[in-house]
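Q:
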Amino acid sequence: MSLSPIARCAAGLVALVGIAGLAFQFTVSLEKSGTAPDALWAMLRFFTIIGNALTALVLLSAALGLRRIATPSRLGGVTLVMGLIGVIYTTLLRNIEHLTGNAQIANYLLHYAVPLLIALFWLVFVPRGGLTRLDPLRWAILPLLYLPYAIARADADGKYAYPFINVAQLGWGQVAFNVAVIALGFLIVGLLLVWFDRKMAPTNHTVRPE
Numbered sequence: 005m006s007l008s009p010i011a012r013c014a015a016g017l018v019a020l021v022g023i024a025g026l027a028f029q030f031t032v033s034l035e036k037s038g039t040a041p042d043a044l045w046a047m048l049r050f051f052t053i054i055g056n057a058l059t060a061l062v063l064l065s066a067a068l069g070l071r072r073i074a075t076p077s078r079l080g081g082v083t084l085v086m087g088l089i090g091v092i093y094t095t096l097l098r099n100i101e102h103l104t105g106n107a108q109i110a111n112y113l114l115h116y117a118v119p120l121l122i123a124l125f126w127l128v129f130v131p132r133g134g135l136t137r138l139d140p141l142r143w144a145i146l147p148l149l150y151l152p153y154a155i156a157r158a159d160a161d162g163k164y165a166y167p168f169i170n171v172a173q174l175g176w177g178q179v180a181f182n183v184a185v186i187a188l189g190f191l192i193v194g195l196l197l198v199w200f201d202r203k204m205a206p207t208n209h210t211v212r213p214e
């Protein structure tokens, strides 16, 4: 997949927005934790941080023309992951805490700006026809791996990253239901993304084999 110079510039701008959001969040975590390693460890508790970091990496690779990293599948994957982050935050987490200063800026960039910008980038600049029906299953690997990681961290220090996976308060049954609903929505939107990609592909385009 080859991106135009304008598309590569756009990818770089979106990556910089994500990097700025991560930088603002790092200053907040550093103030609370006291040391850089502790700040990074605290940040990596959250799927938002992991998703934004991967998105920045893929888009920075696209901006630099590194096609082996910025593949259609990975661009579609980070678009879907950031969509998940934006939807979960606005529907379930937005009113949990009142943020100010750098925390508010980081929150806006990571939960609102990057999800919107990556969606627009994918719609406008990414060539159509590069996705397959297996891609949503590949994209689901990241959130599925995150779940046991998040619960293991919570078991170690008693701090759950998100209330809807708080096994101590909700129990395994409710957490399993919450995760199943989110996973189902993720896969459905992923399949819609693939359908749209194929629908808008040039008629003479041959989709890569699955």
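So in my numbering, spot 29 of the sequence shown is number 33, and the numbers just go up one at a time. Beta carbons: idealized from backbone N, C-alpha and C, even for Gly. Keep in mind it's a predicted model, so treat the numbers as computed, not measured.
1. DSSP on residue 203, reduced to helix/strand/coil?
2. Could you pull out every unbroken alpha helix (DSSP H) segment of at least 4 residues lying fully inside the segment 62–116, listed in chain order?
3. Are the segment 22–32 and the segment 98–107 in contact at 8 Å, needing three or more beta carbon pairs?
4. Just checking, does the segment 139–146 make contact with the segment 62–71 on the three C-beta pairs under 8 Å criterion?
5. Whether or not the segment 69–81 and the segment 174–189 are in contact is what I'm after, with contact meaning three or more pairs of Cβ atoms, one per stretch, closer than 8 Å; do they touch?
6. May I have the straight-line CA-CA distance separating residue 110 from residue 204, to the nearest angstrom?
7. Could you check if residue 209 is buried or exposed, using at least 16 other CB atoms within 10 Å of its CB as the buried criterion?
8. Here's a check: name, in chain order, each residue in its chain whose Cβ is nearer than 7 Å to the Cβ of residue 12, leaving out the five neighbours to either side.
9. Please give me, in chain order, every unbroken run of the alpha helix (DSSP H) with length at least 4 that falls completely inside the segment 111–153.
10. Measuring only the C-alpha atoms, how far is residue 129 from residue 79?
11. Considering only heavy atoms of the ligand MG, does any lie closer than 7 Å to the CB of residue 160?
12. Would you identify the three-state DSSP class for residue 6, choosing helix, strand or coil?
13. Buried or exposed, going by whether 16 or more other CB atoms sit within 10 Å of the CB of residue 137?
14. Would residue 3 and residue 152 be called neighbours here (beta carbons separated by less than 8 Å)?
15. Which of helix, strand or coil does DSSP assign to residue 197?
16. Given this structure, state the Cα-to-Cα distance separating residue 112 from residue 120, to the nearest angstrom.
17. Could you give the residue range of the alpha helix (DSSP H) that holds residue 165?
18. By how many angstroms is the C-alpha of residue 134 removed from the C-alpha of residue 24?
A: Taking the definition as stated:
1. Within the sequence shown, numbered from 1, the residue matching residue 203 stands at position 199. Three-state result, residue 203: helix.
2. Within the segment 62–116, the alpha helix (DSSP H) runs of at least 4 residues that lie entirely inside it are, in chain order, 76–92 and 105–112.
3. A contact exists between the segment 22–32 and the segment 98–107.
4. Contact between the segment 139–146 and the segment 62–71 is absent, because fewer than three Cβ pairs lie under 8 Å.
5. No, because fewer than three Cβ pairs between the segment 174–189 and the segment 69–81 fall closer than 8 Å, the two stretches do not touch.
6. If you number the sequence shown from 1, residue 110 lands on position 106. If you number the sequence shown from 1, residue 204 lands on position 200. Their backbone Cα atoms lie some 34 Å apart in a straight line.
7. Taking the sequence shown and counting its residues from 1, the one referred to as residue 209 is at position 205. Legend: pLDDT at residue 209 = 49, less than 50; position of this residue unreliable, value from coordinates given subsequently. That one is exposed.
8. For the purposes of this step, residue 12 is taken as the residue at position 8 of the sequence shown. Closer than 7 Å at Cβ, skipping near neighbours: 66, 67 and 69.
9. Counting whole runs of 4 or more residues, the segment 111–153 contains the alpha helix (DSSP H) stretches 118–129 and 139–143.
10. Taking the first residue of the sequence shown as position 1, residue 129 is located at position 125. Taking the first residue of the sequence shown as position 1, residue 79 is located at position 75. So the two alpha carbons sit approximately 11 Å from each other.
11. No copy of the ligand MG appears in this structure; indeed no ligand is present at all.
12. By one-based count along the sequence shown, residue 6 stands at place 2. Looking at residue 6 - three-state DSSP - the assignment turns out to be coil, as it is neither helix nor strand.
13. For the purposes of this step, residue 137 is taken as the residue at position 133 of the sequence shown. Label assigned to residue 137: exposed.
14. Residue 3 falls outside the range modelled here, since the chain spans only 5 to 214, and no answer is possible.
15. Here residue 197 is taken as the residue at index 193 of the sequence shown, counted from 1. Reduced to three states, the DSSP call for residue 197 is helix.
16. Your numbering for residue 112 matches position 108 in the sequence shown. Your numbering for residue 120 matches position 116 in the sequence shown. Rounded to whole angstroms, residue 112 to residue 120 spans 11 Å at the Cα level.
17. On the sequence shown, position 161 is the one that residue 165 refers to. Residue 165 -> no alpha helix (DSSP H), and no H or E assigned at all.
18. Taking the first residue of the sequence shown as position 1, residue 24 is located at position 20. Taking the first residue of the sequence shown as position 1, residue 134 is located at position 130. When rounded, the distance between both Cα atoms is 30 Å.
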